[in-house]
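Residues in the sequence shown are numbered from 1 upward in steps of one, following the UniProt record's numbering.
Beta carbons are placed, not taken as given, at the ideal position from N, Cα and C, and that holds for glycine.
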Amino acid sequence: MAMPQNSTGENGFCFAQTLDFSHLSPPPGEAGRTFDTPSGQEPCGTPLSNGMASSGAPSPSDSCAKPLCSTTPGEEETQLNEGIKYVSAEGEELVCGWGGFTPGCLQLFNTSKGILFFLCMASFLQGMTVNGFINTVITSIERRFDLHSYQSGLIASSYDIAACVCLTFVSYFGGNGHKPRWLGWGVLVMGLGSLLFALPHFTAGRYEARSAAEVGVCGVNQSLPCTQAASSLSSYRFVFMLGQFLHGMGATPLYTLGVTYLDENVKTNYSPVYIAVFYTAAILGPAAGYLVGGMFLNIYTEIGREIDIAPENTLWVGAWWIGFLGAGAASLLNSIPILGYPQRLPGSQRYIVMRVSEAHQLKDGSHKKASDPDFGKTVKDLPRSVLLLLKNPTFIFLCLAGATEATLIAGMSTFGPKFLESQFSLSASEAATFFGYLVVPAGGGGTFLGGFLVNKFKLRCSGIIKLCLLCTVSSLLAIFIFFIHCPNMPMAGVTQMYEGSALPGGHLNLTAACNAECGCVQETYSPVCGSNNIMYYSPCHAGCKKVSENLKNGKKVYHECSCVEKTLLPGPGNAEAGKCTSSCAKRPLLLFFMFMVILFTFLSSIPALTATLRCVSDRQRSFALGIQWIVVRTLGGIPGPIAFGSMIDKSCLLWQDQCGEQGSCYVYQNSAMSRYTLIAGLVYKVLGTTFFIVACLLYKAPPPESAPGSSDASERGNCDLQEHKPPLPAEEDI
Numbered sequence: 001m002a003m004p005q006n007s008t009g010e011n012g013f014c015f016a017q018t019l020d021f022s023h024l025s026p027p028p029g030e031a032g033r034t035f036d037t038p039s040g041q042e043p044c045g046t047p048l049s050n051g052m053a054s055s056g057a058p059s060p061s062d063s064c065a066k067p068l069c070s071t072t073p074g075e076e077e078t079q080l081n082e083g084i085k086y087v088s089a090e091g092e093e094l095v096c097g098w099g100g101f102t103p104g105c106l107q108l109f110n111t112s113k114g115i116l117f118f119l120c121m122a123s124f125l126q127g128m129t130v131n132g133f134i135n136t137v138i139t140s141i142e143r144r145f146d147l148h149s150y151q152s153g154l155i156a157s158s159y160d161i162a163a164c165v166c167l168t169f170v171s172y173f174g175g176n177g178h179k180p181r182w183l184g185w186g187v188l189v190m191g192l193g194s195l196l197f198a199l200p201h202f203t204a205g206r207y208e209a210r211s212a213a214e215v216g217v218c219g220v221n222q223s224l225p226c227t228q229a230a231s232s233l234s235s236y237r238f239v240f241m242l243g244q245f246l247h248g249m250g251a252t253p254l255y256t257l258g259v260t261y262l263d264e265n266v267k268t269n270y271s272p273v274y275i276a277v278f279y280t281a282a283i284l285g286p287a288a289g290y291l292v293g294g295m296f297l298n299i300y301t302e303i304g305r306e307i308d309i310a311p312e313n314t315l316w317v318g319a320w321w322i323g324f325l326g327a328g329a330a331s332l333l334n335s336i337p338i339l340g341y342p343q344r345l346p347g348s349q350r351y352i353v354m355r356v357s358e359a360h361q362l363k364d365g366s367h368k369k370a371s372d373p374d375f376g377k378t379v380k381d382l383p384r385s386v387l388l389l390l391k392n393p394t395f396i397f398l399c400l401a402g403a404t405e406a407t408l409i410a411g412m413s414t415f416g417p418k419f420l421e422s423q424f425s426l427s428a429s430e431a432a433t434f435f436g437y438l439v440v441p442a443g444g445g446g447t448f449l450g451g452f453l454v455n456k457f458k459l460r461c462s463g464i465i466k467l468c469l470l471c472t473v474s475s476l477l478a479i480f481i482f483f484i485h486c487p488n489m490p491m492a493g494v495t496q497m498y499e500g501s502a503l504p505g506g507h508l509n510l511t512a513a514c515n516a517e518c519g520c521v522q523e524t525y526s527p528v529c530g531s532n533n534i535m536y537y538s539p540c541h542a543g544c545k546k547v548s549e550n551l552k553n554g555k556k557v558y559h560e561c562s563c564v565e566k567t568l569l570p571g572p573g574n575a576e577a578g579k580c581t582s583s584c585a586k587r588p589l590l591l592f593f594m595f596m597v598i599l600f601t602f603l604s605s606i607p608a609l610t611a612t613l614r615c616v617s618d619r620q621r622s623f624a625l626g627i628q629w630i631v632v633r634t635l636g637g638i639p640g641p642i643a644f645g646s647m648i649d650k651s652c653l654l655w656q657d658q659c660g661e662q663g664s665c666y667v668y669q670n671s672a673m674s675r676y677t678l679i680a681g682l683v684y685k686v687l688g689t690t691f692f693i694v695a696c697l698l699y700k701a702p703p704p705e706s707a708p709g710s711s712d713a714s715e716r717g718n719c720d721l722q723e724h725k726p727p728l729p730a731e732e733d734i
């Protein structure tokens with residue numbers, strides 16, 4: 001009975017000769033052939049497709065009960081003298097190192113847990129930079145470089161644009177190439193993008209904010225001369241976009257090749273846990289970015305320069321650039337060990353023969369084309385690869401479901417801190433820290449829990465899609481919380497008239513009888529909170545005559561404010577620099593349901609990714625993830641921040657006045673912001689639920705007798721490879 005050549009050549013099981021089990025002894029020329037193996041395992045005789053040696057077994061099922069390699073004292077002694085040397089079935093050395101530099105101490109990290117650690121570091125840094133720091137400092141960048149929300153949304157979308165451009169090339173050729181090298185160079189490019197993103201701070205000149213003393217009080221306020229320098233700062237958005245473009249290029253291999261590299265080098269049932277740990281690091285990254293970025297925003301952007309405005313002042317710009325310098329340097333360092341990993345990890349060859357195919361079965365049987373060992377190695381196969389994926393309805397609808405989720409995630413992660421800042425009347429740093437507290441347990445916990453549930457209940461592809469559907473429906477119900485909102489803090493001349501009546505037609509009217517003689521200008525926005533709990537555009541607009549400093553909190557206190565009425569005694573009241581503190585009673589309820597929306601949204605992320613990996617042939621996994629990311633980013637990641645930014649701009653009440661031109665938004669209408677968020681959430685969650693339902697209904701599982709391996713061949717005998725095969729030293733168990 002002749003056994004055909006195994007088609008999984010990329011995993012080290014492709015042999016040039018046909019193996020014949022009818023011979024009781026090895027073929028001529030093979031008897032003396034040996035292979036270097038890990039310590040404790042001896043050179044084998046004629047290799048079988050599962051990595052075992054022929055010991056005169058008359059059938060494949062009998063050979064499964066034999067040990068991996070026969071042992072002789074002489075060979076063992078030679079092996080110990082030569083040291084550890086991992087070699088694949090194709091003769092490629094599976095050692096960790098750079099070129100000829102492969103010290104033995106590095107081989108301790110040459111395991112699936114070792115590469116998982118460095119990939120987690122890379123995903124953590126990527127998440128912290130792209131989804132953490134950038135979203136945290138977006139308000140500060142808008143203020144520093146005079147940007148609109150839609151322009152900052154375009155900066156955020158540049159990451160996804162770069163990913164779409166690179167995904168096809170990277171996933172197709174990288175999937176059949178040396179994955180760790182693609183990953184290492186990607187992390188290096190990502191680090192360069194972070195350093196470039198911080199560059200405008202050093203080239204744009206000093207940030208000149210008008211201090212509290214310069215803003216002045218009634219009668220002393222002076223207007224700044226208009227210069228073209230201020231408006232030209234918005235051109236730096238192209239530098240930010242280029243930095244984000246490099247971020248997108250560098251991260252492209254990470255979430256395609258990185259996932260498949262982990263999946264190929266661990267057991268099938270452990271794969272969801274490894275991938276969940278990897279993605280949990282990617283979720284904790286943004287959380288750390290929000291927390292650390294919020295701390296940096298409490299430091300003035302011009303470090304070492306004394307200024308008498310507080311972080312609560314809307315003219316304050318924090319040190320937004322520090323995080324990018326640190327993350328860029330860390331990414332450059334992290335790329336070095338990743339570049340040293342081999343194409344396959346030692347001991348990973350066995351996992352492919354233990355894997356049971358769950359690929360969607362096409363009616364015309366064309367899915368079997370992907371089993372060809374030469375398929376996907378040239379550009380000529382690219383159209384056929386795309387066609388095979390397009391004919392897979394389960395894959396297509398999983399991609400569409402992922403796009404709907406990505407739209408909400410991208411939009412809320414970009415403008416989530418701004419939402420909290422407006423709803424609860426917080427400073428930018430406080431809002432970023434608050435949002436970080438939400439994302440850490442909800443996003444990180446949901447991501448890990450999703451992978452754990454798949455592993456715990458040993459879910460197959462159909463069950464995984466049903467779990468995704470359950471999570472999406474749960475988050476759909478929770479998103480109705482945006483029916484409620486916190487009311488805007490009253491602001492004289494913006495949300496109400498100075499005497500307390502409603503502002504007619506929503507038009508601004510910052511001038512009243514109490515400040516008419518003060519000569520206030522609109523160019524300088526420095527809100528103060530009066531003792532009557534009403535905010536004013538500036539101390540001048542509040543009619544304040546004197547200023548002092550609160551020794552307890554260091555904030556400026558303004559006295560004899562003619563527009564501020566005392567609550568008990570007649571006469572002018574006082575005002576304190578900064579926004580009024582919101583006492584919204586709905587805050588706990590709003591935060592709780594926002595937590596639930598984030599939790600269930602991220603709970604479905606790893607199951608959806610696992611379902612994508614399982615519904616396609618093994619050889620198409622990297623390319624399938626690449627195509628999925630293109631769909632997700634084109635339909636979700638790119639339009640998400642732009643759409644959310646445009647909607648948020650529509651809810652703006654008070655725009656910055658830059659010498660007659662519209663700048664960034666100072667005050668948003670909370671009810672409109674919540675209403676737009678609710679509409680977007682409902683539309684995309686309903687679409688996501690529909691796509692998961694269709695994917696579940698159209699999925700066609702392979703017949704039960706489908707064999708292990710990506711070749712989709714039928715299983716012969718009752719051989720349990722996992723039970724009878726002695727463990728290799730490199731095998732990783734959790």
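- Under DSSP, residue 667 takes part in a beta bridge, and its partners are 654.
- Less than 8 Å divides the Cβ of residue 561 from the Cβ of residue 575.
- Remark: C-beta atoms of residue 167 and residue 630 approach each other more closely than 8 Å.
- Linking residue 544 to residue 217 through their CA atoms gives a straight-line distance of about 6 Å.
- The C-beta distance from residue 275 to residue 610 rounds to 7 Å, short enough to fall under 8 Å.
- Between residue 699 and residue 413, the C-beta spacing is not below 8 Å.
- The continuous beta strand (DSSP E) containing residue 559 extends over residues 556 to 565.
- For residue 431, the CB contacts under 6 Å within the same chain, skipping 5 residues up- and downstream, are 417, 420 and 421 in chain order.
- Put simply, the backbone Cα of residue 379 is about 49 Å away from that of residue 665.
- Annotation: residue 627 to residue 395 spans about 10 Å, alpha carbon to alpha carbon.
- Distance between residue 295 and residue 433, taken at the CA atoms: about 8 Å.
- Taking the Cα positions, residue 606 is about 11 Å away from residue 259.
- Contact annotation, residue 429 with residue 318: C-beta distance approximately 6 Å; criterion of less than 8 Å satisfied.
- Measuring C-alpha to C-alpha distances from residue 182 to each of 468, 477 and 337 identifies 337 as the nearest.
- Residue state for residue 680 is assigned as helix, using DSSP reduced to three classes.
- Under the three-state reduction of DSSP, residue 517 is assigned to coil, being neither helix nor strand.
- Taking a contact as a CB-CB distance under 8 Å, the pair residue 579 and residue 489 counts as one, their CB atoms being some 7 Å apart.
- Contact between the region 683 to 693 and the region 448 to 459 is absent, with fewer than three C-beta pairs closer than 8 Å.
- Cα atoms of residue 185 and residue 335: separation of roughly 7 Å, rounded to the nearest angstrom.
- Here residue 334 carries a helix assignment [DSSP, helix/strand/coil].
- With a contact defined as Cβ atoms closer than 8 Å, residue 327 and residue 128 qualify at about 6 Å.
- In this structure the region 194 to 205 touches the region 233 to 242; the number of beta carbon pairs closer than 8 Å is three or more.
- DSSP places residue 548 inside the beta strand (DSSP E), whose first and last residues are 546 to 549.
- Its chain contains 283, 598 and 602 as the residues whose beta carbon lies nearer than 6 Å to that of residue 443, once the 5 sequence neighbours on both sides are disregarded; these appear in chain order.
- Contact between residue 157 and residue 484 does not hold, since their C-beta atoms are separated by about 30 Å, which reaches or exceeds 8 Å.
- In this structure, the alpha-carbon of residue 187 lies about 59 Å from that of residue 565.
- Residue 105 is classed as exposed because its beta carbon has fewer than 16 other beta carbons within 10 Å across all chains shown.
- Annotation for residue 528: the continuous beta strand (DSSP E) segment containing it runs 528 to 530.
- Counting the other Cβ atoms within 10 Å of the Cβ of residue 263 gives 16 or more, which makes it buried.
- Excluding its 5 nearest sequence neighbours in each direction, residue 401 has C-beta neighbours in its own chain below 6 Å: 688, 691 and 692, listed in chain order.
- DSSP places residue 497 outside both helix and strand once states are collapsed to three, so it counts as coil.
- In terms of Cβ geometry, residue 515 and residue 563 form a close pair [threshold 8 Å].
- When C-alpha distances from residue 111 are compared across 102, 96, 100 and 125, the shortest belongs to 96.
- If the five residues before and after residue 663 are omitted, its C-beta is found closer than 6 Å to the C-beta atoms of 146 and 656, all from its own chain and listed in chain order.
- Per DSSP, residue 572 is one residue of the beta strand (DSSP E) stretching across 572 to 577.
- Residue pairing by DSSP places residue 480 opposite no residue, since no beta bridge is assigned to it.
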